[in-house]
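Residues 102 to 405 in the working numbering are what the sequence shown spells out, letter by letter. Positions of the beta carbon are idealized from the N, C-alpha and C atoms, including for glycine. Data block below; observations after.
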Amino acid sequence: MRDYDLPALERRSRGKSRFDDDESQFLKRGRPTEPPADPDTGERWSSWDDAVHGPEPHPEWLVTELAARDTELGVLKTGKEADVHLVRREVPDTDRSCLLAVKRYRDPEHRLFHRDAGYLEGRRVRRSRENRAMAGRTAFGRQMIAGQWAAAEFDALARLWEIGAGHDRIAVPYPVQLQGTELMLEFVGDAESGEAAPRLAQLRPGPTELRDLWAQLVEALRVLARAGYAHGDLSPYNLLVHQGRLVVIDLPQVVDVVANPQGPEFLARDVRVVGTWFAARGLPAEQVDPGTLTGELLREAGIR
102 MRDYDLPALE
112 RRSRGKSRFD
122 DDESQFLKRG
132 RPTEPPADPD
142 TGERWSSWDD
152 AVHGPEPHPE
162 WLVTELAARD
172 TELGVLKTGK
182 EADVHLVRRE
192 VPDTDRSCLL
202 AVKRYRDPEH
212 RLFHRDAGYL
222 EGRRVRRSRE
232 NRAMAGRTAF
242 GRQMIAGQWA
252 AAEFDALARL
262 WEIGAGHDRI
272 AVPYPVQLQG
282 TELMLEFVGD
292 AESGEAAPRL
302 AQLRPGPTEL
312 RDLWAQLVEA
322 LRVLARAGYA
332 HGDLSPYNLL
342 VHQGRLVVID
352 LPQVVDVVAN
362 PQGPEFLARD
372 VRVVGTWFAA
382 RGLPAEQVDP
392 GTLTGELLRE
402 AGIR
(Lines of atoms letter the chains of each structure in order from A; the text may use other names.)
(Lines give C-alpha, C1' and ligand atoms only; values in the text may rest on other atoms or scores of the structure.)
Protein backbone atom coordinates (compact mmCIF):
# COMPACT_ATOMS: atom_id res chain seq x y z
CA MET A 102 0.00 0.00 0.00
CA ARG A 103 1.39 3.34 -0.91
CA ASP A 104 1.73 6.59 1.05
CA TYR A 105 -0.59 9.52 0.49
CA ASP A 106 2.24 11.82 -0.51
CA LEU A 107 2.13 13.70 -3.81
CA PRO A 108 4.29 11.30 -5.87
CA ALA A 109 2.31 8.30 -4.64
CA LEU A 110 -1.03 9.83 -5.53
CA GLU A 111 0.27 10.57 -9.00
CA ARG A 112 1.28 6.92 -9.32
CA ARG A 113 -2.17 5.58 -8.39
CA SER A 114 -2.54 3.74 -11.68
CA ARG A 115 0.13 1.18 -10.72
CA GLY A 116 -2.26 -0.97 -8.75
CA LYS A 117 -5.29 -1.36 -6.57
CA SER A 118 -5.52 1.19 -3.79
CA ARG A 119 -6.04 0.55 -0.09
CA PHE A 120 -6.35 2.82 2.92
CA ASP A 121 -3.67 1.61 5.37
CA ASP A 122 -0.81 3.91 4.44
CA ASP A 123 1.15 6.61 6.22
CA GLU A 124 -0.58 9.86 5.29
CA SER A 125 1.70 12.18 7.24
CA GLN A 126 3.16 13.84 4.15
CA PHE A 127 -0.32 14.55 2.81
CA LEU A 128 -1.53 15.95 6.10
CA LYS A 129 1.55 18.12 6.66
CA ARG A 130 0.49 20.08 3.63
CA GLY A 131 -2.74 20.94 5.43
CA ARG A 132 -5.26 23.14 3.73
CA PRO A 133 -3.32 25.84 1.87
CA THR A 134 -4.11 29.45 2.61
CA GLU A 135 -6.22 30.65 -0.28
CA PRO A 136 -5.47 33.99 -1.92
CA PRO A 137 -8.11 36.59 -1.15
CA ALA A 138 -10.99 36.72 -3.59
CA ASP A 139 -11.73 39.87 -5.53
CA PRO A 140 -14.29 41.69 -3.33
CA ASP A 141 -16.32 42.77 -6.37
CA THR A 142 -16.39 39.57 -8.43
CA GLY A 143 -15.62 36.80 -5.94
CA GLU A 144 -12.87 35.57 -8.26
CA ARG A 145 -9.52 34.10 -7.29
CA TRP A 146 -6.69 32.55 -9.24
CA SER A 147 -7.10 28.88 -10.09
CA SER A 148 -5.54 26.57 -7.49
CA TRP A 149 -4.69 23.93 -10.10
CA ASP A 150 -0.95 24.48 -9.85
CA ASP A 151 -0.86 23.80 -6.08
CA ALA A 152 -3.06 20.71 -5.99
CA VAL A 153 -2.88 16.95 -6.52
CA HIS A 154 -4.48 16.24 -9.89
CA GLY A 155 -6.97 13.61 -11.02
CA PRO A 156 -6.20 10.76 -13.43
CA GLU A 157 -4.72 11.38 -16.84
CA PRO A 158 -5.66 11.95 -19.54
CA HIS A 159 -7.61 14.88 -18.18
CA PRO A 160 -11.08 15.30 -19.73
CA GLU A 161 -11.24 17.77 -22.60
CA TRP A 162 -13.77 19.94 -20.78
CA LEU A 163 -11.44 20.54 -17.83
CA VAL A 164 -9.69 23.92 -17.67
CA THR A 165 -6.10 23.43 -16.50
CA GLU A 166 -4.55 26.72 -17.65
CA LEU A 167 -2.73 28.54 -14.86
CA ALA A 168 -4.21 31.83 -16.07
CA ALA A 169 -7.70 30.62 -15.15
CA ARG A 170 -9.80 32.25 -12.46
CA ASP A 171 -12.21 30.51 -10.07
CA THR A 172 -15.51 32.26 -9.33
CA GLU A 173 -17.82 31.21 -6.49
CA LEU A 174 -21.41 30.83 -7.70
CA GLY A 175 -23.15 29.53 -4.60
CA VAL A 176 -23.79 26.48 -2.43
CA LEU A 177 -25.02 23.25 -3.98
CA LYS A 178 -25.39 21.23 -0.78
CA THR A 179 -24.78 21.51 2.94
CA GLY A 180 -24.05 18.50 5.10
CA LYS A 181 -22.75 17.37 8.49
CA GLU A 182 -19.21 16.82 7.28
CA ALA A 183 -18.79 19.18 4.34
CA ASP A 184 -20.47 21.74 2.14
CA VAL A 185 -20.44 21.55 -1.66
CA HIS A 186 -20.06 24.79 -3.60
CA LEU A 187 -20.48 25.58 -7.29
CA VAL A 188 -17.45 27.22 -8.90
CA ARG A 189 -16.82 28.38 -12.44
CA ARG A 190 -13.22 28.04 -13.64
CA GLU A 191 -12.53 30.11 -16.73
CA VAL A 192 -9.69 31.73 -18.64
CA PRO A 193 -10.47 35.45 -19.01
CA ASP A 194 -11.10 36.76 -22.52
CA THR A 195 -11.48 33.23 -23.94
CA ASP A 196 -14.26 30.67 -24.30
CA ARG A 197 -12.45 28.22 -21.99
CA SER A 198 -14.57 27.54 -18.91
CA CYS A 199 -16.06 24.72 -16.86
CA LEU A 200 -18.25 24.27 -13.80
CA LEU A 201 -16.88 22.43 -10.78
CA ALA A 202 -18.41 21.07 -7.59
CA VAL A 203 -16.09 21.99 -4.73
CA LYS A 204 -16.41 19.92 -1.58
CA ARG A 205 -15.02 21.65 1.49
CA TYR A 206 -14.74 19.68 4.70
CA ARG A 207 -15.32 21.70 7.83
CA ASP A 208 -12.49 22.44 10.22
CA PRO A 209 -11.86 19.80 12.91
CA GLU A 210 -13.70 21.73 15.62
CA HIS A 211 -16.95 21.81 13.61
CA ARG A 212 -16.78 18.57 11.68
CA LEU A 213 -19.12 15.76 12.66
CA PHE A 214 -18.31 12.42 11.07
CA HIS A 215 -20.99 10.08 12.36
CA ARG A 216 -19.92 6.59 13.40
CA ASP A 217 -16.46 7.24 12.01
CA ALA A 218 -14.74 4.54 14.09
CA GLY A 219 -16.37 1.76 12.06
CA TYR A 220 -15.56 3.32 8.73
CA LEU A 221 -11.93 3.90 9.69
CA GLU A 222 -11.29 0.23 10.41
CA GLY A 223 -8.71 -0.93 7.89
CA ARG A 224 -7.42 2.62 7.33
CA ARG A 225 -4.31 2.64 9.48
CA VAL A 226 -1.29 4.87 9.35
CA ARG A 227 2.09 3.41 10.20
CA ARG A 228 3.08 5.82 12.95
CA SER A 229 1.91 5.00 16.46
CA ARG A 230 1.59 8.69 17.40
CA GLU A 231 -0.92 9.27 14.62
CA ASN A 232 -2.86 6.14 15.53
CA ARG A 233 -3.06 7.17 19.19
CA ALA A 234 -4.18 10.68 18.25
CA MET A 235 -6.89 9.33 15.97
CA ALA A 236 -8.11 6.86 18.60
CA GLY A 237 -8.20 9.60 21.27
CA ARG A 238 -9.88 12.15 18.95
CA THR A 239 -7.34 14.83 19.88
CA ALA A 240 -7.26 17.99 17.77
CA PHE A 241 -4.37 16.53 15.81
CA GLY A 242 -6.21 13.22 15.56
CA ARG A 243 -9.32 14.88 14.17
CA GLN A 244 -7.16 16.57 11.55
CA MET A 245 -5.70 13.18 10.69
CA ILE A 246 -9.19 11.73 10.32
CA ALA A 247 -10.28 14.64 8.12
CA GLY A 248 -7.29 14.00 5.89
CA GLN A 249 -8.22 10.35 5.63
CA TRP A 250 -11.78 11.18 4.58
CA ALA A 251 -10.61 13.57 1.86
CA ALA A 252 -7.80 11.34 0.62
CA ALA A 253 -9.98 8.23 0.67
CA GLU A 254 -12.71 9.89 -1.39
CA PHE A 255 -10.24 11.35 -3.89
CA ASP A 256 -8.38 8.05 -4.28
CA ALA A 257 -11.57 6.00 -4.62
CA LEU A 258 -13.01 8.37 -7.23
CA ALA A 259 -9.75 8.30 -9.18
CA ARG A 260 -9.69 4.51 -9.13
CA LEU A 261 -13.36 4.20 -10.11
CA TRP A 262 -13.04 6.83 -12.83
CA GLU A 263 -10.21 4.84 -14.41
CA ILE A 264 -12.24 1.65 -14.14
CA GLY A 265 -15.31 3.33 -15.64
CA ALA A 266 -13.22 4.58 -18.56
CA GLY A 267 -12.65 0.94 -19.50
CA HIS A 268 -15.17 -1.82 -20.11
CA ASP A 269 -16.83 -1.77 -16.68
CA ARG A 270 -19.97 0.29 -16.16
CA ILE A 271 -19.78 2.73 -13.31
CA ALA A 272 -20.27 6.48 -13.40
CA VAL A 273 -18.66 8.78 -10.83
CA PRO A 274 -17.74 12.48 -10.98
CA TYR A 275 -14.24 13.07 -12.31
CA PRO A 276 -11.96 14.01 -9.36
CA VAL A 277 -10.37 17.23 -10.63
CA GLN A 278 -7.99 17.96 -7.77
CA LEU A 279 -7.26 17.57 -4.08
CA GLN A 280 -5.85 20.43 -2.02
CA GLY A 281 -5.65 19.78 1.68
CA THR A 282 -9.19 18.75 2.66
CA GLU A 283 -10.81 20.46 -0.33
CA LEU A 284 -11.95 18.35 -3.27
CA MET A 285 -12.79 19.77 -6.67
CA LEU A 286 -15.03 17.48 -8.67
CA GLU A 287 -16.78 17.39 -12.00
CA PHE A 288 -20.13 19.16 -11.80
CA VAL A 289 -22.89 16.71 -12.67
CA GLY A 290 -25.81 18.63 -14.12
CA ASP A 291 -26.75 21.25 -16.68
CA ALA A 292 -23.62 23.22 -17.55
CA GLU A 293 -25.66 26.06 -19.01
CA SER A 294 -27.98 26.72 -16.09
CA GLY A 295 -25.79 25.39 -13.28
CA GLU A 296 -28.66 23.19 -12.10
CA ALA A 297 -27.38 20.02 -10.48
CA ALA A 298 -28.68 16.62 -11.59
CA PRO A 299 -31.51 15.33 -9.39
CA ARG A 300 -30.90 12.76 -6.71
CA LEU A 301 -32.54 9.39 -7.17
CA ALA A 302 -34.66 10.10 -4.08
CA GLN A 303 -36.27 13.05 -5.89
CA LEU A 304 -37.49 10.96 -8.84
CA ARG A 305 -40.63 8.90 -9.41
CA PRO A 306 -39.49 6.69 -12.28
CA GLY A 307 -41.93 4.60 -14.29
CA PRO A 308 -41.58 0.81 -14.53
CA THR A 309 -39.17 0.79 -17.50
CA GLU A 310 -36.90 3.51 -16.07
CA LEU A 311 -37.01 1.86 -12.64
CA ARG A 312 -35.76 -1.45 -14.06
CA ASP A 313 -33.02 0.32 -16.03
CA LEU A 314 -31.83 2.29 -13.00
CA TRP A 315 -31.77 -0.87 -10.88
CA ALA A 316 -29.71 -2.67 -13.53
CA GLN A 317 -27.25 0.25 -13.59
CA LEU A 318 -27.03 0.24 -9.80
CA VAL A 319 -26.39 -3.51 -9.60
CA GLU A 320 -23.62 -3.20 -12.18
CA ALA A 321 -22.09 -0.28 -10.27
CA LEU A 322 -22.16 -2.31 -7.05
CA ARG A 323 -20.42 -5.18 -8.85
CA VAL A 324 -17.69 -2.85 -10.08
CA LEU A 325 -17.24 -1.44 -6.59
CA ALA A 326 -16.98 -4.93 -5.11
CA ARG A 327 -14.45 -6.07 -7.72
CA ALA A 328 -12.35 -3.02 -6.82
CA GLY A 329 -12.57 -4.05 -3.15
CA TYR A 330 -14.97 -1.32 -2.10
CA ALA A 331 -18.29 -0.90 -0.37
CA HIS A 332 -19.78 2.58 -0.62
CA GLY A 333 -20.45 2.54 3.10
CA ASP A 334 -23.37 4.99 3.14
CA LEU A 335 -25.28 4.21 -0.04
CA SER A 336 -28.80 5.57 -0.34
CA PRO A 337 -31.08 7.23 -2.91
CA TYR A 338 -29.68 10.56 -1.67
CA ASN A 339 -26.13 9.95 -2.91
CA LEU A 340 -27.07 8.65 -6.33
CA LEU A 341 -27.63 11.20 -9.09
CA VAL A 342 -29.50 10.59 -12.34
CA HIS A 343 -28.08 12.60 -15.22
CA GLN A 344 -29.36 12.11 -18.76
CA GLY A 345 -30.59 8.65 -17.88
CA ARG A 346 -27.35 7.55 -16.25
CA LEU A 347 -26.92 6.72 -12.58
CA VAL A 348 -23.95 8.53 -11.00
CA VAL A 349 -22.49 7.43 -7.65
CA ILE A 350 -21.41 10.31 -5.39
CA ASP A 351 -20.39 11.04 -1.78
CA LEU A 352 -17.61 8.54 -1.15
CA PRO A 353 -15.63 9.89 1.85
CA GLN A 354 -16.64 6.90 3.96
CA VAL A 355 -15.81 4.33 1.26
CA VAL A 356 -14.96 1.04 2.96
CA ASP A 357 -12.21 -1.40 2.09
CA VAL A 358 -14.46 -4.41 2.17
CA VAL A 359 -11.51 -6.82 2.58
CA ALA A 360 -9.35 -5.00 5.15
CA ASN A 361 -12.22 -3.66 7.26
CA PRO A 362 -13.63 -6.38 9.57
CA GLN A 363 -17.05 -4.76 9.22
CA GLY A 364 -16.74 -4.49 5.43
CA PRO A 365 -19.33 -7.21 4.64
CA GLU A 366 -21.80 -5.57 7.05
CA PHE A 367 -21.42 -2.17 5.37
CA LEU A 368 -21.90 -3.79 1.97
CA ALA A 369 -25.01 -5.64 3.13
CA ARG A 370 -26.47 -2.42 4.53
CA ASP A 371 -25.82 -0.59 1.26
CA VAL A 372 -27.72 -3.26 -0.64
CA ARG A 373 -30.57 -3.36 1.86
CA VAL A 374 -31.11 0.42 1.84
CA VAL A 375 -31.21 0.87 -1.92
CA GLY A 376 -33.10 -2.39 -2.44
CA THR A 377 -35.82 -1.22 -0.06
CA TRP A 378 -36.21 2.03 -2.04
CA PHE A 379 -36.57 0.24 -5.37
CA ALA A 380 -38.98 -2.35 -3.95
CA ALA A 381 -41.15 0.41 -2.46
CA ARG A 382 -41.44 1.97 -5.92
CA GLY A 383 -42.70 -1.18 -7.53
CA LEU A 384 -39.70 -3.25 -8.61
CA PRO A 385 -40.77 -6.92 -8.33
CA ALA A 386 -39.54 -8.66 -5.19
CA GLU A 387 -37.84 -11.42 -7.20
CA GLN A 388 -35.59 -8.77 -8.76
CA VAL A 389 -34.71 -7.20 -5.41
CA ASP A 390 -33.28 -9.91 -3.18
CA PRO A 391 -30.78 -8.23 -0.83
CA GLY A 392 -29.40 -11.51 0.51
CA THR A 393 -28.70 -12.96 -2.92
CA LEU A 394 -27.17 -9.74 -4.24
CA THR A 395 -24.99 -9.29 -1.13
CA GLY A 396 -23.66 -12.82 -1.50
CA GLU A 397 -22.86 -12.19 -5.16
CA LEU A 398 -21.02 -8.97 -4.33
CA LEU A 399 -18.98 -10.61 -1.59
CA ARG A 400 -17.90 -13.25 -4.09
CA GLU A 401 -16.94 -10.48 -6.52
CA ALA A 402 -14.78 -9.00 -3.76
CA GLY A 403 -13.14 -12.39 -3.20
CA ILE A 404 -14.51 -12.88 0.31
CA ARG A 405 -16.68 -15.93 -0.35
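Boundaries of the beta strand (DSSP E) around Gly175: 170-179. For a cut-off of 8 Å, the C-beta gap from Val319 to Leu394 is around 7 Å, short enough to register as a contact. Restricted to the stretch 319-377, not a single alpha helix (DSSP H) segment is unbroken, complete and at least 4 residues in length. Cβ contact annotation for Gly376 (same chain, cutoff 6 Å, sequence separation greater than five): Val389, Pro391, in chain order. Between the alpha carbons of Ser148 and Lys181 lies a distance of about 25 Å. In this structure the stretch 364-372 does not lie against the stretch 291-300, because fewer than three pairs of beta carbons, one per stretch, are closer than 8 Å. In the structure shown, Leu384 falls within a coil segment according to DSSP collapsed to helix, strand and coil. Listed in chain order, the non-local C-beta contacts of Gly383 below 8 Å within the same chain comprise Pro308, Leu311, local neighbours out to five positions each way being set aside. Here the stretch 284-293 lies against the stretch 195-204, with 3 or more beta-carbon pairs under 8 Å apart. Residue environment analysis places Gly403 among the exposed positions, since fewer than 16 neighbouring C-beta atoms fall within 10 angstroms of its C-beta. A check of alpha carbon separations from Glu173 across Gly364, Glu293, Pro365, His186 identifies His186 as the nearest.
One thing to note: Val355 has its Cβ within 9 Å of the Cβ of Gly333. For Trp162, the closest of Ser198, Leu177, Leu347 by C-alpha to C-alpha distance is Ser198. In the DSSP secondary-structure assignment, Arg145 is bridged to Asp171.
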